[in-house]
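So the protein sequences, as listed, match chains A and B. Counting from 1, one number per residue, gives the positions in the first sequence under our numbering. Counting from 138, one number per residue, gives the positions in the second sequence under our numbering. All residues carry an ideal CB built from backbone N, CA and C; glycine is no exception. None of these values were measured; they are calculated from a predicted model. First the structure, in the form of structure tokens, and then the observations on it.
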Amino acid sequence: MKLEVIIIDDDEIVILIQKKMIIKSSFHDKPLSFLNGKLGLDYLLDNKDKDKMYFILLDINMPVMNGWDFLDAINKWPVANDILIAVVTSSANESDKQKAYEYKQVIKYIEKPVNIQKLCELKQDKALKLFFTNEKG
Amino acid sequence: MNKNNPTANILVVEDNAGDFILVESYLDHEVMPVITHAKSFGEASSILLTGDVHFDVILLDLTLPDNSGEKLITDIVSVSGGCPVIVLTGYTDIEFSIKSLSLGVADYLIKDEISPSSLYKSIVYTIERKKSIKELEESEKRYSDLFQLSPQPMWVYESGTLEFLDVNAAAIKHYGYSREDFLSMDVKELIPDEDTTEESSCFPKEHDPLILQVICRHKKKNGEIIQVELQSNIIDFKGREAYIALSIDITERLNYIGAIENQNKKLQEIAWIQSHVVRAPLAKIMGLIDLIQNHKLSDTEKDDYFIHILDAANEFDAIVKDIVKKTELVQLNNA
Numbered sequence: 001m002k003l004e005v006i007i008i009d010d011d012e013i014v015i016l017i018q019k020k021m022i023i024k025s026s027f028h029d030k031p032l033s034f035l036n037g038k039l040g041l042d043y044l045l046d047n048k049d050k051d052k053m054y055f056i057l058l059d060i061n062m063p064v065m066n067g068w069d070f071l072d073a074i075n076k077w078p079v080a081n082d083i084l085i086a087v088v089t090s091s092a093n094e095s096d097k098q099k100a101y102e103y104k105q106v107i108k109y110i111e112k113p114v115n116i117q118k119l120c121e122l123k124q125d126k127a128l129k130l131f132f133t134n135e136k137g
Numbered sequence: 138m139n140k141n142n143p144t145a146n147i148l149v150v151e152d153n154a155g156d157f158i159l160v161e162s163y164l165d166h167e168v169m170p171v172i173t174h175a176k177s178f179g180e181a182s183s184i185l186l187t188g189d190v191h192f193d194v195i196l197l198d199l200t201l202p203d204n205s206g207e208k209l210i211t212d213i214v215s216v217s218g219g220c221p222v223i224v225l226t227g228y229t230d231i232e233f234s235i236k237s238l239s240l241g242v243a244d245y246l247i248k249d250e251i252s253p254s255s256l257y258k259s260i261v262y263t264i265e266r267k268k269s270i271k272e273l274e275e276s277e278k279r280y281s282d283l284f285q286l287s288p289q290p291m292w293v294y295e296s297g298t299l300e301f302l303d304v305n306a307a308a309i310k311h312y313g314y315s316r317e318d319f320l321s322m323d324v325k326e327l328i329p330d331e332d333t334t335e336e337s338s339c340f341p342k343e344h345d346p347l348i349l350q351v352i353c354r355h356k357k358k359n360g361e362i363i364q365v366e367l368q369s370n371i372i373d374f375k376g377r378e379a380y381i382a383l384s385i386d387i388t389e390r391l392n393y394i395g396a397i398e399n400q401n402k403k404l405q406e407i408a409w410i411q412s413h414v415v416r417a418p419l420a421k422i423m424g425l426i427d428l429i430q431n432h433k434l435s436d437t438e439k440d441d442y443f444i445h446i447l448d449a450a451n452e453f454d455a456i457v458k459d460i461v462k463k464t465e466l467v468q469l470n471n472a
């Protein structure tokens, strides 16, 4: 099974930073990115590779389709089974955090900015661990 | 007046010496009264009008040299200062005896039928009755004062017709209608025309003994609409089934609550903006600096990143200015 990393955020600079961090932390070498939830959903509806694990860094406040609507949509429409999500928000808010963990795909709630340390912690998550078994530590 | 406390003051108005002696001896049989004797209406009224002695009861002969009959009764009652009057007469006239009771006489005794014990009984009953009447009057006055002097508007309206039967001063002052206006209206007329479909919820159903508490709108005489909390309780008003209503104007209270809720909403909006929007460019700056500092970048990449940092800083600046503006608006609206 292969890992595919997707960034969904409406800010190009945020995407730039997250892409760099993902590559530098050897999390993934070719992360994809979409500027809102709708574009990300379209991609997932067209790509249901059974041999892939889709890992998504999802922003909450976005135009067109925000993070919450995206989470609702992937639980309603036929998309791939293997989807994991880290909700990435500019401000950690306890009620948002609780709401996020109510979705079965959400494994982490992260406050921006995404950095190497936060990504390395994610690698240790039990759902993602198997993709990084060849690495040391 | 009883045997433990035999100090009843009795005024005996009697011109016939023999009758007076008889009455006096009867009274001495049962009690030890202080008896004052008046031989004419003139004498009796001057004793009563000086007010030096407080009498517990007046025994009145109906035929005096200077006054008699119905006129004597009316005249004595008018100077008695509330002291109960027992009529003693030689004539048996049932109709007149009944009439005399309505004129304010406490009891009507026939001289030939009096015995020491019947006289004693009549006097004791009269004095005790007077006490309870006085207590009743005081209690009625207390309740009337509670109603009339209440700082909150109150009124009484008839069950069924919903017509006003009584209103207090606060209701007249607050609603602007005069007492006469109120007494020619029914309580439905206080409800603004546009609310008449809901008016039935504002009053208790006929004969409903439950206390009804509702919030509804009322229209003052000057057309001003107020929000009131109405409480209606069933009472007996001069023999009619009625409701007594207390009206508390909560218009201002509701306005305050509205203003506070409005302000809370604005403050929540500001708090949300601060946590989410303010931190967004800040997080970008932090991320970009992290990249420049900890990762090898080409010079062109670095230059690009500095421009991104400046853009994010400008974005941050605009958001802070916007918050200041919104906060000022909240303050202005409360000024």
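From this set, the options, which residue's C-alpha is nearest residue i's C-alpha?
i, options, result
"A73(A)", "V114(A), K108(A) and N36(A)", "N36(A)"
"D96(A)", "L71(A), P113(A), V14(A) and I116(A)", "L71(A)"
"L128(A)", "L45(A), I116(A), E111(A) and I107(A)", "I107(A)"
"K458(B)", "D448(B), V415(B) and E438(B)", "V415(B)"
"F449(B)", "I231(B), T464(B), M423(B) and L186(B)", "Just to set this straight, residue 449(B) is Ala in the shown sequence, not Phe. It is M423(B)."
"A175(B)", "I231(B), N204(B), P418(B) and L327(B)", "N204(B)"
"I309(B)", "L327(B), E295(B) and G297(B)", "L327(B)"
"G297(B)", "S276(B), T464(B), Y312(B) and V324(B)", "V324(B)"
"K208(B)", "V242(B), Y257(B) and K433(B)", "V242(B)"
"P31(A)", "D42(A), G67(A), L39(A) and L16(A)", "L16(A)"
"K421(B)", "I8(A), E12(A) and L39(A)", "E12(A)"
Return the bridge partner residues of residue i from the DSSP annotation.
i, result
"C353(B)", "V365(B)"
"I247(B)", "T226(B)"
"F34(A)", "I8(A)"
"R377(B)", "F374(B)"
"H174(B)", "V149(B)"
"D436(B)", "D436(B) pairs with nothing; no bridge assigned."
Is DSSP giving residue i helix, strand or coil here?
i, result
"K268(B)", "helix"
"T187(B)", "helix"
"K140(B)", "A caution first: K140(B) carries a pLDDT of 48, below 50, which makes its placement in the model unreliable, though a value can still be read off. K140(B) falls in the coil class under three-state DSSP."
"E111(A)", "strand"
"A145(B)", "coil"
"V242(B)", "coil"
"K136(A)", "Reliability fails at K136(A), whose pLDDT of 48 lies under 50, so the model's placement of it is uncertain and the value that follows must be treated cautiously. Coil, per DSSP."
"K2(A)", "strand"
"T298(B)", "coil"
"S205(B)", "strand"
"W292(B)", "strand"
"M144(A)", "Limits of chain A in this structure are 1 at one end and 137 at the other, which puts residue 144(A) out of reach."
"D193(B)", "coil"
"L286(B)", "coil"
"L58(A)", "strand"
"V150(B)", "strand"
"A382(B)", "strand"
Using the Cβ count rule (16 or more neighbours within 10 Å means buried), how would you classify residue i?
i, result
"A379(B)", "buried"
"N139(B)", "Since pLDDT at N139(B) reaches only 46, below the 50 mark, its modelled position is unreliable, and the value read off the structure follows with that caveat. Its Cβ having fewer than 16 others within 10 Å, N139(B) is exposed."
"H191(B)", "exposed"
"N75(A)", "exposed"
"D198(B)", "buried"
"L185(B)", "buried"
"A181(B)", "buried"
"E121(A)", "exposed"
"G137(A)", "Residue placement at G137(A) cannot be trusted, given a pLDDT of 43 that sits under 50; the coordinates are not used to answer."
"I348(B)", "exposed"
"N141(B)", "At N141(B) the pLDDT is 48, less than 50, meaning the model places this residue with poor confidence; the figure from the coordinates comes in the next sentence. By the neighbour-count rule (16 or more Cβ atoms within 10 Å), N141(B) is not buried but exposed."
"F157(B)", "buried"
"S259(B)", "buried"
"L466(B)", "exposed"
"P170(B)", "buried"
"M1(A)", "exposed"
"H355(B)", "buried"
"T333(B)", "exposed"
"V365(B)", "buried"
Is the closest heavy atom of the ligand GTP to the C-beta of residue i under 7 Å?
i, result
"W68(A)", "Inclusion of the ligand GTP in the displayed structure is not the case, the ligand content being empty and no account of it being possible."
Exercise. Hey, is the segment 142-159 of chain B in contact with the segment 123-133 of chain A, meaning 3+ C-beta pairs nearer than 8 Å?
Worked result: no
Exercise. Does the segment 36-54 of chain A touch the segment 63-83 of chain A, meaning 3 or more C-beta pairs lie closer than 8 Å?
Worked result: yes
Exercise. Does the segment 230-239 of chain B touch the segment 253-264 of chain B, meaning 3 or more C-beta pairs lie closer than 8 Å?
Worked result: no
Exercise. Are at least three pairs of beta-carbons, each pair with one atom in the segment 110-121 of chain A and one in the segment 17-35 of chain A, less than 8 Å apart?
Worked result: yes
Exercise. Is it a yes or a no for the segment 286-298 of chain B touching the segment 375-395 of chain B, going by three-plus beta-carbon pairs under 8 Å?
Worked result: yes
Exercise. Are there three or more Cβ pairs, one per stretch, closer than 8 Å when the segment 273-288 of chain B is compared with the segment 301-308 of chain B?
Worked result: yes
Exercise. Between the segment 317-326 of chain B and the segment 258-273 of chain B, do three or more beta carbon pairs fall short of 8 Å?
Worked result: no
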